[in-house]
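Visitor: The sequence shown finishes on residue 1678 if you use our numbering, and the numbering steps up by one all the way, no holes. Note that CB positions come from ideal geometry on N, CA and C, so glycine has one too.
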Amino acid sequence: MKISKIYSNNDKFREIDLSDGMNIILGRVTNKTNLDSDSHNLGKSTLIGLIDFMFLKELDRGNFLKDNSKKFDTYIFFMELKKSENDFITIKRSVKNNTKISLKFHQKGKQDFRECSNWDYKDIPLTTTDTNKNPKDILNRYWGMDKIFPYNYRQYINYFLRTQYDYDEVFKLSKFKGKDVAWKPAIAHLLGFNGDLIKEKYNIESNIAAEQKLLDEMEEKLKISLNDLNQIESLLEINEAKKHTLQTKIDNFDFYLKERELNRELIEEVETKISYFNSEEYKLKYEVQKIKESIKRSTPFDIQKVRDLFSEIKVLFPNQLEKEYTDLIKFNNEITEERNHFLKETLENLEEELDQINMNLIQLNERRNKTLAILKEKDSFAKFKVFQMGLVEIENEISNLLSKISNYDVLKKMNENIKSKIENLKTQIEDIEKHLKNGSETFKKINLDFSNLVDEILAETAVLYYEMNTAKNIEFKAKIVSIEDEKITSKSEGYSYRKMLCVCFDLAVLLNYNIKEFYQFVYHDGSLESMSNTKKIRYIDKIRKLCSDNDIQYIFTALEDDIPRNTDGSLYEIDESEIAIILDDRENNKGRLFGMSF
1081 MKISKIYSNN DKFREIDLSD GMNIILGRVT NKTNLDSDSH NLGKSTLIGL IDFMFLKELD
1141 RGNFLKDNSK KFDTYIFFME LKKSENDFIT IKRSVKNNTK ISLKFHQKGK QDFRECSNWD
1201 YKDIPLTTTD TNKNPKDILN RYWGMDKIFP YNYRQYINYF LRTQYDYDEV FKLSKFKGKD
1261 VAWKPAIAHL LGFNGDLIKE KYNIESNIAA EQKLLDEMEE KLKISLNDLN QIESLLEINE
1321 AKKHTLQTKI DNFDFYLKER ELNRELIEEV ETKISYFNSE EYKLKYEVQK IKESIKRSTP
1381 FDIQKVRDLF SEIKVLFPNQ LEKEYTDLIK FNNEITEERN HFLKETLENL EEELDQINMN
1441 LIQLNERRNK TLAILKEKDS FAKFKVFQMG LVEIENEISN LLSKISNYDV LKKMNENIKS
1501 KIENLKTQIE DIEKHLKNGS ETFKKINLDF SNLVDEILAE TAVLYYEMNT AKNIEFKAKI
1561 VSIEDEKITS KSEGYSYRKM LCVCFDLAVL LNYNIKEFYQ FVYHDGSLES MSNTKKIRYI
1621 DKIRKLCSDN DIQYIFTALE DDIPRNTDGS LYEIDESEIA IILDDRENNK GRLFGMSF
């Protein structure tokens, strides 16, 4: 697969025709004195983002098309790709409706489909899960990449569209912001290893981490730890014993009120009788008092006092009169005596009745006081209440402990599953180590080509290698080394060296996957920068030969000032056919890729 042509419905965009060999996106700075001029924003680096967009990358924040959506709102882009001499496909994608993709297959290249209405697939949704309608799946089947890799074509495209931010590491690109599982199994597969083994290890680790997190959360929520079982069982035994003791005390409790079956009706009966006897007592006491007063008033008549009275007034008290009074007194005394006898008998009866009432009142008051004392017996009720509350608390604690034991079984099973997965992980690691120990022929070939390329361009010895890190995950590395005094020293820390390691790795991969089902192009942004003229010349010469001998399309960007000079000071010769486009900073912006600055 090669990139044949890129164009737009907006004629401000400068159409780009790419050859099958080496293509230079050349930037020319004409106004070197104007420091305010955005002279380096010519579009040579932005082009790589546009190509990625046309390879159906989702439009996210940070993408120049997304960040400048108002300026590109009406733009529709077309990219023609070459599979073979008579097999092409054109991808149509607009900025505004960027999830709607149109595809057209054709036999001749360098076509213009801006006015075409007859598309093989028109406005098919980029986000659909239907593999028959998803443009990525259609392209994957068209190129046949699914026949050699268990991945979508976009899995590897970033190695062949390297921006200036992708030279820090050979294998891990700046675009790989996710976890290692997103790219390491794929790169392992690309290097001829069993990527599924590595992917499965990450999956096992992910499952272990997820289950361990769930286990920790449940332990926190349930307030229980797997180490607490013995303690819980001991507490359960202690609380069972406490429950038995309290239950016995409650069963044998001398509950006074219950034993005598006293109730509110009994209290009301006692109070009624007391009230009745109090009333009777009052009436009897009143009668007794009246009788006593009556008896006291019935004093006998004194005749002598009458005589004395008559003598004092000097009146003769006649004998006959005295006799009549004496008879009257006698009669009165007889009546009074009889009356008093009756009153005394009545008084005696009343006093006896009153005594009985008093005795009844005493008994009733005692009964009332005892009953009230029973009902108000605080110590007994408090003790019984304490026993009952204690029993409830212990039963709740026992229920809680039993629940914890039940939950413990769940946690134990989860922990056993985790331990089982950990054992599986150990086995998986052993399988990976054995697999890596056996090596890979593809890796050996890529490593050899990589070393040769580095040697021819940089005149250095470089190696690709892999090792297991402390987490038992594979690490792919690239390093420039030299043998000095039997010590291996690294020279790959400098930016220009790291950049060239990336360049040589990408080329080595293309050399070993030189088939139509894979990429046959690579785009390196700013690869000439910071290199000496000698290395630049060797680099360009090697690229020319690789493109010619292996049918590889190589695209790189460079400023005109980065083009190397020969030893005599003359500008190194670049053929016009090798320059795909020249971008410049003319004030009218016509020299920029998009005909405008942003």
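Whole beta strand (DSSP E) runs in the stretch 1134 to 1206 with 3 or more residues, listed along the chain?
Guide: As far as the stretch 1134 to 1206 is concerned, its whole beta strand (DSSP E) runs of at least 3 residues are 1156 to 1164, 1167 to 1174, 1180 to 1186, 1201 to 1205.
Visitor: Suppose you measure from the CA of D1565 to the CA of S1531; what does that come to, to the nearest Å?
Guide: Translated into the one-based positions of the sequence shown, residue 1565 becomes position 485. Translated into the one-based positions of the sequence shown, residue 1531 becomes position 451. At D1565 the pLDDT is 42, less than 50, meaning the model places this residue with poor confidence; the figure from the coordinates comes in the next sentence. Roughly 22 angstroms separates the two Cα atoms.
Visitor: Taking its Cβ as the centre, do 16 or more other Cβ atoms sit within 10 Å of E1339, making it buried, or is it exposed?
Guide: Residue numbering aside, residue 1339 sits at position 259 when the sequence shown is read from its first letter. Because the pLDDT of E1339 is 46, which lies under 50, any placement of that residue in the model is unreliable, and the question is left without a value.
Visitor: Does the stretch 1166 to 1184 come into contact with the stretch 1143 to 1154, if we say contact requires no fewer than three beta-carbon pairs (one atom in each stretch) closer than 8 angstroms?
Guide: yes
Visitor: Per the contact definition of three or more C-beta pairs closer than 8 angstroms, is the stretch 1583 to 1597 in contact with the stretch 1218 to 1228?
Guide: yes
Visitor: Could you tell me which residues DSSP puts in a beta bridge with T1555?
Guide: By one-based count along the sequence shown, residue 1555 stands at place 475. The displayed chain sequence assigns Glu, not Thr, to residue 1555. Answer is E1547.
Visitor: For the beta strand (DSSP E) that contains Q1633, what are its first and last residues?
Guide: Here residue 1633 refers to the residue found at position 553 when the sequence shown is read from its first residue. Element bounds for Q1633: 1633 to 1639.
Visitor: Ignore the nearest five residues each way along the sequence and tell me which others in L1219's own chain have a CB closer than 7 angstroms to its CB.
Guide: The residue given as residue 1219 occupies position 139 in the sequence shown. Within the same chain, Cβ atoms closer than 7 angstroms to the Cβ of L1219 are found at Y1233, the five residues on either side in sequence being excluded.
Visitor: Buried or exposed for I1304, going by 16 or more other Cβ atoms inside 10 Å?
Guide: In the sequence shown, residue 1304 corresponds to position 224, counting from 1. Flag for I1304 reads buried.
Visitor: Taking 8 angstroms as the limit between beta carbons, can you name the residues of its chain near T1126, skipping five residues before and five after?
Guide: Counting from one through the sequence shown, the residue named residue 1126 turns up at place 46. Cβ within range, chain order: F1144, L1673, F1674.
Visitor: In the DSSP assignment, the alpha helix (DSSP H) including R1234 goes from what residue to what residue?
Guide: As a working mapping, residue 1234 is identified with position 154 in the sequence shown. Here the alpha helix (DSSP H) through R1234 covers 1234 to 1237.
Visitor: Can you have a look at G1574 and say buried or exposed, based on whether 16 or more other CB atoms are within 10 angstroms of its CB?
Guide: Within the sequence shown, numbered from 1, the residue matching residue 1574 stands at position 494. Result: exposed.
Visitor: Can you check which of these residues, I1284, I1478, E1313, F1157, is closest to E1503 by C-alpha distance?
Guide: Within the sequence shown, the letter at position 423 stands for residue 1503. Measuring from the Cα of E1503, the nearest candidate turns out to be I1284.
Visitor: Which word fits Y1652, buried or exposed, when buried means at least 16 other C-beta atoms lie within 10 angstroms of its C-beta?
Guide: Against the sequence shown, residue 1652 aligns to sequence position 572. By the neighbour-count rule (16 or more Cβ atoms within 10 Å), Y1652 is not buried but exposed.
Visitor: Just the C-alpha distance for A1660 and L1098, rounded to the nearest angstrom, thanks.
Guide: Residue mapping note: residue 1660 aligns to position 580 of the sequence shown, counting from 1. Residue mapping note: residue 1098 aligns to position 18 of the sequence shown, counting from 1. Taking the straight line joining both Cα atoms gives about 6 angstroms.
Visitor: Kindly indicate which three-state DSSP category D1246 falls into: helix, strand or coil?
Guide: By one-based count along the sequence shown, residue 1246 stands at place 166. Residue state, collapsed to three classes: coil.
Visitor: Have a look at the DSSP bridge pairing and note the partners of L1663.
Guide: Here the question's residue 1663 lines up with position 583 in the sequence shown. According to DSSP, which records beta bridges pairwise, L1663 is partnered with G1107.
Visitor: Hey, M1611 and S1576 are a contact pair by Cβ (cut 8 angstroms); roughly how many whole angstroms apart?
Guide: Along the sequence shown, one-based indexing puts residue 1611 at 531. Along the sequence shown, one-based indexing puts residue 1576 at 496. That pair is a contact at about 5 angstroms.
Visitor: What does the Cβ neighbour count give for G1275, buried or exposed, with the cut at 16 atoms within 10 Å?
Guide: Within the sequence shown, numbered from 1, the residue matching residue 1275 stands at position 195. Buried is the call here.
Visitor: What's the C-alpha gap between K1082 and I1554?
Guide: For the purposes of this step, residue 1082 is taken as the residue at position 2 of the sequence shown. For the purposes of this step, residue 1554 is taken as the residue at position 474 of the sequence shown. When rounded, the distance between both Cα atoms is 32 angstroms.
Visitor: Could you check whether L1277 and I1512 sit closer than 9 angstroms to each other, using their CB atoms as the reference points?
Guide: Position 432 of the sequence shown, counted from the first residue, corresponds to residue 1512. Position 197 of the sequence shown, counted from the first residue, corresponds to residue 1277. It is a contact, given that the beta carbons lie within the stated cut-off.
Visitor: DSSP puts H1604 in a beta bridge; with which residues?
Guide: The residue you call residue 1604 lines up with position 524 of the sequence shown. R1242, F1636.
Visitor: Taking contact to mean at least 3 C-beta pairs separated by less than 8 angstroms, is the stretch 1285 to 1305 in contact with the stretch 1586 to 1595?
Guide: Contact fails: fewer than three Cβ-Cβ distances are below 8 angstroms.
Visitor: Going by CA-CA distance only, name the one from I1617, D1529, S1628 that's closest to C1582.
Guide: Counting from 1 along the sequence shown, the entry for residue 1582 is found at position 502. Answer by Cα proximity: D1529.
Visitor: Which two residues bound the contiguous beta strand (DSSP E) that contains Y1222?
Guide: For the purposes of this step, residue 1222 is taken as the residue at position 142 of the sequence shown. It is not in any beta strand (DSSP E) - Y1222 instead sits in the alpha helix (DSSP H) that spans 1215 to 1223.
Visitor: Output the distance between the C-alpha atoms of N1090 and D1153, rounded to the nearest integer angstrom.
Guide: Along the sequence shown, read from residue 1 onward, the residue named residue 1090 stands at position 10. Along the sequence shown, read from residue 1 onward, the residue named residue 1153 stands at position 73. Answer to the nearest angstrom: the Cα atoms are 11 angstroms apart.
Visitor: Apart from the five residues just before and just after P1265, which ones in its own chain have a Cβ nearer than 6 angstroms to its Cβ?
Guide: Start at 1 with the first residue of the sequence shown, and residue 1265 comes out as number 185. Excluding positions up to five away in sequence, the list reads G1275, I1278, K1279.
Visitor: Helix or strand or just coil, what does DSSP make of N1089?
Guide: As a position in the sequence shown, residue 1089 is number 9, starting the count at 1. Three-state DSSP puts N1089 in coil, outside helix and strand.
Visitor: Mind reading off the beta-carbon distance from E1536 to K1622? Whole number of angstroms is fine, and I expect it under 8 angstroms.
Guide: The count along the sequence shown starts at 1 and reaches residue 1536 at position 456. The count along the sequence shown starts at 1 and reaches residue 1622 at position 542. Contact flag correct, Cβ pair sits at about 5 angstroms.
Visitor: With DSSP as the reference, identify every bridge partner of T1541, one or two as the case may be.
Guide: Mapped onto the sequence shown, residue 1541 falls at position 461. For T1541, which the question treats as bridged, DSSP gives the partners V1561.
Visitor: Taking buried to mean at least 16 other C-beta atoms within 10 Å of its own C-beta, is S1088 buried or exposed?
Guide: Translated into positions along the sequence shown, residue 1088 becomes position 8. When all chains shown are included, S1088 counts as buried.
Visitor: Pull up the distance between the alpha-carbon of N1549 and that of Y1239, whole angstroms please.
Guide: Residue numbering aside, residue 1549 sits at position 469 when the sequence shown is read from its first letter. Residue numbering aside, residue 1239 sits at position 159 when the sequence shown is read from its first letter. Roughly 23 angstroms separates the two Cα atoms.
Visitor: Is there contact between the stretch 1619 to 1638 and the stretch 1199 to 1209, where contact requires at least three CB pairs shorter than 8 angstroms?
Guide: Segments in contact, no.
Visitor: Would you mind stating whether V1250 and R1578 have Cβ atoms separated by less than 9 angstroms?
Guide: Translated into positions along the sequence shown, residue 1250 becomes position 170. Translated into positions along the sequence shown, residue 1578 becomes position 498. Contact: yes.
Visitor: Excluding sequence positions up to five away, which residues of its chain have a Cβ less than 7 angstroms from the Cβ of I1643?
Guide: Here residue 1643 refers to the residue found at position 563 of the sequence shown. L1651, Y1652, I1654.
Visitor: Return the CA-CA distance between D1664 and D1641, expressed in angstroms with no decimal places.
Guide: In the sequence shown, the residue the question calls residue 1664 occupies position 584. In the sequence shown, the residue the question calls residue 1641 occupies position 561. Note on geometry: alpha-carbon atoms of D1664 and D1641 lie some 12 angstroms from one another.
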